[in-house]
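Below is one structure, written out as structure tokens; comments come after it.
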Amino acid sequence: MNVNETRLEAVAPRLQGADDPARWRDWRWQLRNSLTSLGDVERALGIEFDEAERVLLEDTVRHFPMSVTPYYLSLIDVDDYRNDPVFRQALPSTEEIIVRDHDMKDPLAEDADSPVALITHRYPDRVLFRVANTCSMYCRHCTRKRTVGDTGCAPTSEELGAALDYIRSTPAVRDVLLSGGDPLMLSDARLDELLTELDAIEHVEVVRLGTRMPAVLPYRITDELCKVLARHQPLWLNTHFNHPAELTPDAEEALARLADAGIPLGNQTVLLAGVNDCSRIMLRLVHRLVANRVRPYYLYQCDLSEGLSHFRTPVGKGIEIIESLIGHTSGFAVPTYVIDAPHGGGKIPVMPNYIVSWASDRVVLRNYEGVICAYREPDDYKRAACTEECDDCDRSVGRSCPETGPGGVAGLMRECDQADSLVPDTNVRYQRRENGSADG
Numbered sequence: 196m197n198v199n200e201t202r203l204e205a206v207a208p209r210l211q212g213a214d215d216p217a218r219w220r221d222w223r224w225q226l227r228n229s230l231t232s233l234g235d236v237e238r239a240l241g242i243e244f245d246e247a248e249r250v251l252l253e254d255t256v257r258h259f260p261m262s263v264t265p266y267y268l269s270l271i272d273v274d275d276y277r278n279d280p281v282f283r284q285a286l287p288s289t290e291e292i293i294v295r296d297h298d299m300k301d302p303l304a305e306d307a308d309s310p311v312a313l314i315t316h317r318y319p320d321r322v323l324f325r326v327a328n329t330c331s332m333y334c335r336h337c338t339r340k341r342t343v344g345d346t347g348c349a350p351t352s353e354e355l356g357a358a359l360d361y362i363r364s365t366p367a368v369r370d371v372l373l374s375g376g377d378p379l380m381l382s383d384a385r386l387d388e389l390l391t392e393l394d395a396i397e398h399v400e401v402v403r404l405g406t407r408m409p410a411v412l413p414y415r416i417t418d419e420l421c422k423v424l425a426r427h428q429p430l431w432l433n434t435h436f437n438h439p440a441e442l443t444p445d446a447e448e449a450l451a452r453l454a455d456a457g458i459p460l461g462n463q464t465v466l467l468a469g470v471n472d473c474s475r476i477m478l479r480l481v482h483r484l485v486a487n488r489v490r491p492y493y494l495y496q497c498d499l500s501e502g503l504s505h506f507r508t509p510v511g512k513g514i515e516i517i518e519s520l521i522g523h524t525s526g527f528a529v530p531t532y533v534i535d536a537p538h539g540g541g542k543i544p545v546m547p548n549y550i551v552s553w554a555s556d557r558v559v560l561r562n563y564e565g566v567i568c569a570y571r572e573p574d575d576y577k578r579a580a581c582t583e584e585c586d587d588c589d590r591s592v593g594r595s596c597p598e599t600g601p602g603g604v605a606g607l608m609r610e611c612d613q614a615d616s617l618v619p620d621t622n623v624r625y626q627r628r629e630n631g632s633a634d635g
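Just so you know, the sequence shown maps onto residues 196 to 635 in this note's numbering.
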């Protein structure tokens with residue numbers, strides 16, 4: 196008997212109906228019996244919060260609702276629950292009601308980048324489509340705490356239709372990410388309808404689905420669901436495991452079903468103080484993921500959402516963890532460490548620096564062991580001039596390039612651009628120059 200089965204035996208007698216294995220593995224039963232009050236949690240785990248703490252915790256739940264599936268609750272080590280990584284992700288903390296000056300309701304400016312309801316269009320060729328507003332488990336570190344769990348504002352048919360119309364009318368969108376809440380809270384039939392609508396849009400090349408279900412309610416990954424998803428290729432699925440303790444036999448079975456259905460799997464982990472801010476934990480997590488055919492995709496720095504200060508680590512901790520992975524495990528097992536920049540700046544990679552120096556003829560590098568080496572630059576490289584006129588180019592690119600030139604950093608100060616410097620409007624030195632010219 197494994198550890199998780201032992202914990203289930205301890206919790207099940209306190210949960211009405213949990214002693215029936217068929218009922219326990221029914222994802223709808225799990226949702227109907229989710230624990231939403233502190234009293235429910237105390238009875239299920241056989242613990243008791245002291246009165247002063249309970250008052251603060253009740254206040255927290257009023258601000259940020261709680262919902263935990265019986266399955267996920269059963270993973271908690273009751274003998275050391277306050278330090279348990281599952282407990283810390285699922286159950287409220289008194290620290291959540293401490294809102295710092297830099298905390299924000301919408302730190303990623305998703306609402307500001309929303310051309311129509313349910314759509315966030317931040318990057319040129321892809322959109323985030325919030326097709327659901329609830330989750331099977333409300334993660335305490337959620338960046339969308341402002342809306343997730345608000346059952347009174349579920350997406351309407353009109354909103355979903357307007358979002359689909361926006362995607363249809365925006366040819367630049369080639370990639371659609373279904374998010375929420377959790378899109379797998381939708382029924383198989385409703386999900387099938389949405390995916391069919393997206394399949395019919397010619398310029399949509401790939402659909403991605405972001406879900407926490409394999410970690411918190413693996414019984415949602417049924418054979419029937421996998422058949423639905425398999426009909427809508429190319430479809431990618433990113434899930435969200437933060438700790439090896441979440442990779443139970445049931446979770447592994449769910450991942451195997453998805454992988455066997457031909458769905459490419461990725462994982463997005465959030466770096467959380469007291470949960471996974473440890474190089475050994477992270478190494479164990481990525482190894483367990485790849486063993487289950489899941490590619491570690493992103494390691495996120497915790498966002499600046501309200502009440503998450505106790506979860507945030509210094510950025511240096513994330514870089515330390517990435518350095519402990521690079522060279523010490525397979526390259527495809529190393530996630531990209533990113534900060535999802537405040538105010539909608541998007542995901543910014545923050546990785547260890549392996550360039551020691553850079554000269555015209557060589558780059559001096561260090562490897563993961565600290566060994567220093569030089570890479571010699573070519574002596575006779577002839578740079579191809581680019582006119583951005585792809586139709587006249589003698590290189591085959593396979594398809595037409597965008598009509599507009601490169602944007603962002605790649606588009607700065609190109610040869611055809613007259614500007615050779617960019618100066619902030621608030622630069623005092625340049626303001627003095629302009630004022631001096633005006634006076635003169």
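All C-beta atoms in this analysis are idealised placements derived from N, C-alpha and C, irrespective of residue type, glycine included.
Have a look at residue i and residue j and give me their C-alpha separation to the nearest angstrom.
i: Asp296; j: Ile534; result: 19 Å
i: Leu270; j: Glu447; result: 14 Å
i: Leu373; j: Glu572; result: 44 Å
i: Ala554; j: Ala569; result: 10 Å
i: Glu584; j: Gly606; result: 15 Å
i: Phe527; j: Val485; result: 8 Å
i: Ala285; j: Asn622; result: 47 Å
i: Ser595; j: Ser364; result: In this prediction, Ser595 has a pLDDT of 47, which is less than 50 and means its spatial position is unreliable; what the coordinates show is noted afterwards. The alpha-carbon atoms of Ser595 and Ser364 are separated by roughly 20 Å.
i: Pro260; j: Pro509; result: 27 Å
i: Leu381; j: Ala327; result: 7 Å
i: Asp418; j: Asp455; result: 10 Å
i: Tyr576; j: Gly603; result: 26 Å
i: Asp445; j: Val281; result: 16 Å
i: Ile543; j: Ala213; result: 44 Å
i: Val250; j: Gly234; result: 12 Å
i: His336; j: Thr434; result: 15 Å
i: Met196; j: Leu442; result: With a pLDDT of only 48 at Met196, under 50, the local geometry of the prediction cannot be trusted, and no value is derived from it.
i: Asp587; j: Cys581; result: 11 Å
i: Glu290; j: Phe506; result: 9 Å
i: Asp221; j: Gly539; result: 39 Å
i: Arg590; j: Asn630; result: 49 Å
i: Met546; j: Ile517; result: 7 Å
i: Met332; j: Leu268; result: 10 Å
i: Ile292; j: Leu252; result: 9 Å
i: Leu359; j: Thr524; result: 41 Å
Beta carbon of residue i, beta carbon of residue j: below 8 Å?
i: Val481; j: Gly461; result: no
i: Glu354; j: Leu379; result: no
i: Leu478; j: Leu450; result: no
i: Val411; j: Arg283; result: no
i: Thr464; j: Tyr495; result: yes
i: Val558; j: Ile550; result: yes
i: Val294; j: Gly502; result: yes
i: Ile514; j: Tyr493; result: no
i: Leu303; j: Asp498; result: yes
i: Glu237; j: Glu246; result: no
i: Asp383; j: Arg407; result: no
i: Leu467; j: Asn437; result: yes
i: Thr255; j: Pro287; result: yes
i: Cys421; j: Leu453; result: yes
i: Asp320; j: Val368; result: yes
i: Val311; j: Tyr361; result: yes
With H, G and I counted as helix, E and B as strand and the rest as coil, what does DSSP make of residue i?
i: Asn433; result: strand
i: Arg594; result: In this prediction, Arg594 has a pLDDT of 48, which is less than 50 and means its spatial position is unreliable; nothing more can be read from the coordinates.
i: Gly635; result: At Gly635 the pLDDT is 45, less than 50, meaning the model places this residue with poor confidence and gives no usable figure here.
i: Tyr414; result: helix
i: Asn462; result: strand
i: Ile271; result: coil
i: Phe324; result: strand
i: Gln428; result: coil
i: Ser504; result: helix
i: Ile543; result: strand
i: Val566; result: coil
i: Arg561; result: strand
i: Arg220; result: coil
i: Tyr266; result: helix
i: His336; result: coil
i: Pro537; result: helix
i: Pro619; result: coil
i: Leu386; result: helix
Based on the DSSP output, what are the partners of residue i in its beta bridges?
i: Ile521; result: Thr524
i: Arg490; result: Gly461
i: Val371; result: Val322, Val402
i: Tyr495; result: Val465, Val533
i: Met299; result: Ser500
Item checked: Sufficient close CB pairs (3 or more, under 8 Å) joining the region 421-435 to the region 386-406 -> yes
Checklist line | Any 3 or more C-beta pairs closer than 8 Å across the region 221-237 and the region 253-267 | finding: yes
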